[in-house]
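Novice: Using numbering that gives the first Met the number 0, the first residue of the sequence shown is number 0, and each one after it goes up by one.
Each residue gets a CB set at the ideal place from its N, CA and C atoms; glycine is no exception.
My structure is below; once you've seen it, I'll send some questions.
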Amino acid sequence: MTNHSDKSIELLAFGRALRTIRKEKKLTQDELSLYSRVDRSYISELENGEKAPTLLTITALARALHVKASVLIEGYEMELEEKQ
Numbered sequence: 000m001t002n003h004s005d006k007s008i009e010l011l012a013f014g015r016a017l018r019t020i021r022k023e024k025k026l027t028q029d030e031l032s033l034y035s036r037v038d039r040s041y042i043s044e045l046e047n048g049e050k051a052p053t054l055l056t057i058t059a060l061a062r063a064l065h066v067k068a069s070v071l072i073e074g075y076e077m078e079l080e081e082k083q
């Protein structure tokens, strides 16, 4: 079972991975929102580790970023490994 702090660490890791890829693609949160059809405030909450994305959200963001969903997951895993 995952405790609260583990979940927070995992959400922050995904958020950092998303932000890193978004910035590498030179996109603002507003632009990513427009291209992915994911609300900008939700993207902000994801990047700040406040929300957990669904599979549909991950795939929508990946398409908008022109990467495979696995790239977002790999980025998340790398961020998570750095914190352990």
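Check whether the region 45-55 and the region 12-32 touch, using three or more Cβ-Cβ pairs below 8 Å as the test.
Specialist: Touching, per the Cβ criterion.
Novice: Ala61 to Glu78, Cα distance in whole Å?
Specialist: Approximately 17 Å between the Cα atoms of the pair.
Novice: Count the other CB atoms, across all protein chains shown, that sit within 10 Å of the CB of Arg36; report buried if there are 16 or more and exposed otherwise.
Specialist: The residue in question, Arg36, is exposed, as its Cβ has fewer than 16 Cβ neighbours within 10 Å.
Novice: Identify the continuous alpha helix (DSSP H) that holds Asp29 and give its terminal residues.
Specialist: Run containing Asp29: Gln28 to Ser35, per the alpha helix (DSSP H) assignment.
Novice: If Lys82 and Ile20 are in contact, beta carbons under 8 Å, what's the gap, nearest whole angstrom?
Specialist: Lys82 to Ile20, Cβ: 18 Å. No contact.
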